[in-house]
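Structure, as structure tokens:
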Amino acid sequence: MAKIRRTMIVSYVIIICLMFGLVIFFNILHTNAEAKYASITNTLILENGISQKTSKLVALHLSLLQDINNSELTSEYNVTKQSISMDLEKLDVLITSNESVLVYIKLKTIIEKLEDESAQGIQNTRNKDFTKSDYTYNYILQDESYIKETTANLVVAELNYAAQIQKNMDNIRNITFFVGATLVLIIILFCGIIAYYFSNKLSSPLVKLSGLAKEISGGNISQRVDKNLMEYKDEIGSLANSFDNMLVRLNSEITSQKSANDSLLKTETKLGEVNINLEKANLNLKSLDSQKDEFISLTAHELKTPLTSIRGFTQIMLEKDKWGDADNKHYLELINKNTDRLYTLVTDIVDSSRISLGKLKLNIEEVDIYKLFNEIKENMTLVISGKGLAPIFIIDKKLPNIMADFERTMQILHNLISNSVKFTEHGRISLHVSRYDDFIRFEVLDTGQGIPKENFDSIFSKFYQVDSSMTRKIGGSGLGLSICKGLVEGMGGKIGFNSELGKGSIFAFILPIVNNKSIVDNKQAVINKNHNS
């Protein structure tokens, strides 16, 4: 039996060594693949960065031509050049494939040429040789175009190299799988031979022990192991003695089951503690989300200050009649238009973030409903008519005043009517103001394209836009309806909508009248009229 033991140990050692070797082999392949792919990823990032930095260098070059003594521009220009040089040094090491090296040498040559020509152009400007400076700048623009084209070619070459690496890895994996399968088959065959050879010597005592184990599992714990088996001086004897000891300890194990149950209760307690920790983690996540909203709000607020200055100065310049070049005025009007759009977007982001954080301040006071109605009618009639649509404004008689923020209510009505105008090509836009129990109901109706039912649940979500050709054409931030919902609810009201695809939409909201502090529980009560009304 000692010989059997030695043979089995040697067999198991061989199997373990083979399997361990396979594991090491696969780890080496995996590590090499990750290193190569990481190198290619870093290369692609650097290539994209060089393309962007060269474009920035050209832009800074133009700015320096206009303000050659600006020290900040000069410093940023030098930093950009230095950053490009550092990226090129990194690419010198990372790029290894033959195809990529050829394209990279061409890219590096063009970049160095651009830097030299840019430096020469700036020097010409300092020497007040503006003819040579302009001539050099045109060449720089050509170099920038060549750099973008060559960078694209270099990216393609690197991707081809990555594909080749993947192909090689697939081949290695297939070969490894074949070798591994072969080794497994050899091991199985080897073990089968050993098992067959020693089965006669081992099977007899094992059959006896197996029969004894079945009786024990059936509940007959009064059985004992054959003493002849316990006299074996090898693994069989050890196993027989273990069985006998097991039977002795079985009763004591039943007693220890109670202790196991106690441990289970402790485990449940620990699970409860884990659940509490998960709840704390969830609160932390909510805190992080709140911090994100705070950051967006602060950032957008900081953007409003320079935008306000840009808008103001642009409008002052547009008010002047002394324009020698009509194109200059046209470009300035474009700047003014796009600045207004950007200012509106930043304002929407600020409002949305403050609503999420619960920091939006509302000036709730008694509002004259007829003053509000007449002002929105005056502001929006021209907007609706300008698109060839029929404006319809209706307000019931003897309506009480509401408790609301006048300017924010105007903002809500302006957003809803503007949305209707955007998505309506023909027909009418209507505003109807009436009483709804202890609330005043504002209803905006249009004959536009309508909203698909699958989009109903998300229509008031942040940054959400219905996916349609008209939406993509018109654009927008997707914050308008979300802001409207936040403002209405902040003033103690509710907002809802109904829509039929191809026929139009109804957006309606209610605000409380003076001395009404009740809350509407059913949001759908806001929309209680048929679309055809």
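Take -1 as the starting number for the sequence shown in the numbering used here and just add one per residue. In this text, a Cβ means the ideal position worked out from N, Cα and C, and glycines have one as well.
Buried versus exposed, by CB contacts within 10 Å (16 or more), residue i
i    : result
G119 : buried
V431 : buried
G500 : exposed
I26  : exposed
I517 : Because I517 sits at a pLDDT of 46, beneath the cut-off of 50, its placement in the model cannot be relied upon, and the following sentence gives the value as read from the coordinates. When all chains shown are included, I517 counts as exposed.
L443 : buried
V91  : exposed
F507 : buried
A155 : buried
Y75  : buried
V77  : exposed
Y159 : buried
F175 : exposed
V272 : exposed
C482 : buried
T29  : exposed
V56  : buried
V101 : buried
M489 : buried
N122 : buried
R171 : exposed
K396 : exposed
R439 : buried
Three-state class that DSSP yields for residue i in the structure shown
i    : result
S497 : strand
M167 : helix
E115 : helix
L509 : strand
I410 : helix
I38  : helix
K385 : coil
K492 : strand
T149 : helix
S257 : helix
K396 : coil
K126 : coil
F176 : helix
N275 : helix
I457 : coil
A57  : helix
F371 : helix
Y65  : Contrary to the premise, residue 65 reads as Asp rather than Tyr in this sequence. If DSSP states are grouped into helix, strand and coil, D65 belongs with coil.
Candidates the options: closest to residue i by CA position
i    : options                : result
K82  : F495, G47, G19, L380   : Reading off the sequence shown, one finds Ile at residue 82, where the question assumed Lys. Closest option to I82, Cα to Cα, is G47.
L485 : K420, V442, Q409       : Q409
D420 : R406, Q447, V431       : Reading the sequence as shown, one finds Lys at residue 420 and not Asp. Nearest C-alpha to K420: Q447.
L71  : K54, E87, D435         : K54
I93  : N136, A279, L157       : L157
L89  : T39, P398, V512, G478  : T39
V153 : K264, P389, S95        : S95
I511 : D436, F458, G478, C482 : D436
G491 : T29, T407, T445        : T407
D394 : L429, S416, N413       : L429
T134 : I415, N275, L63        : L63
S416 : S503, I13, D366, M489  : S503
A150 : L139, D168, R247, T41  : T41
S49  : L332, T148, S73        : T148
L60  : L187, L139, L509       : L139
L380 : L370, H412, I367       : H412
E115 : K126, N136, I427, N125 : N136
I457 : F440, L479, I390, N275 : L479
S497 : T422, A211, L477, L183 : T422
N99  : E45, L283, L112        : Before going on, a small fix: residue 99 reads as Val here, not Asn. Comparing Cα-Cα distances from V99 to each of E45, L283, L112, the minimum goes to E45.
DSSP bridge partner residues for residue i (one or two, in chain order)
i    : result
D444 : I427
E364 : M401
F391 : L429
S503 : S497
I438 : R433, L509
Handout entry: Cβ contact (3+ pairs, closer than 8 Å) linking the region 143 to 150 and the region 104 to 112
Key = Between the region 143 to 150 and the region 104 to 112, the count of Cβ pairs shorter than 8 Å is three or higher; the stretches touch.
Problem - the region 375 to 389 contacting the region 450 to 461, beta-carbon criterion three pairs below 8 Å - result: Cβ pair count under 8 Å is below three, so no.
Problem - Cβ pair count under 8 Å reaching 3, the region 359 to 375 against the region 391 to 406 - result: In short, these stretches touch, since the Cβ pair count reaches three.
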